[in-house]
Amino acid sequence: MPDHGWVDDAGLPDSGGFDVAPVQAYQANKTYRCPGCDHEIRIGEHHTVVVPHSDPNSRRHWHSACWRGEQRRGKGAR
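So the sequence shown is numbered by numbering that gives the first Met the number 0: it starts at 0 and just counts up by one.
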């Protein structure tokens, strides 16, 4: 399997089986809407992409702090 920099956190409590990867500022070349706060993730903004194992087409881009908060609350991805 290629090393793509993803972290498989399926074994963590309340992870819900997600792959999680940081998106560096230089890689962020599109605007996204964060499902955690409903604010915009701007071009050039470091953030996190979250991909459910059960539905890879449902990947979402989150502010990193919003995703950490979501995990602390034990909600997983929306």
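Glycine is no exception: its CB is placed at the ideal position from the N, C-alpha and C atoms.
Would you report the Cα separation of residue i and residue j, rounded to the nearest angstrom?
i: Glu39; j: His62; result: 9 Å
i: Gln26; j: Gln70; result: 24 Å
i: Asp54; j: Val19; result: 14 Å
i: Pro81; j: Gly73; result: This structure gives no information on residue 81, because the portion of the chain shown stretches from 0 to 77.
By Cβ distance below 8 Å, which residues in the same chain neighbour residue i in space, the five residues on each side in sequence not counted?
i: Gln23; result: His45
i: Asp30; result: Looking at the sequence itself, residue 30 is Thr, so the reference to Asp does not match. Taken in chain order, the residues that qualify are Glu39, Ile40, Arg41, Ile42.
By a C-beta neighbour count over all protein chains shown, 10 Å radius and 16 as the cutoff for buried, is residue i buried or exposed?
i: Cys33; result: buried
i: Thr106; result: Because the chain spans 0 through 77 in this model, residue 106 falls outside it and cannot be assessed.
Which one or two residues does DSSP pair with residue i in a beta bridge?
i: Trp66; result: In the DSSP output, where bridge partners are listed per residue, Trp66 has none listed.
i: Ala20; result: Val48
i: Tyr31; result: Ile40
Please go through the same chain and pick out, in chain order, the residues whose beta-carbon is closer than 6 Å to the beta-carbon of residue i, but skip the five residues on each side of it.
i: Ser78; result: Within the shown structure, residues of the chain are numbered from 0 to 77, placing residue 78 beyond reach of any answer.
i: Cys36; result: Cys65
Kindly list the residues whose CB is nearer than 7 Å to the CB of residue i, restricted to its own chain and excluding five residues on each side of it in sequence; keep chain order.
i: Val49; result: Phe17, Val19, Arg58, Arg59, Trp61, Trp66, Ala76
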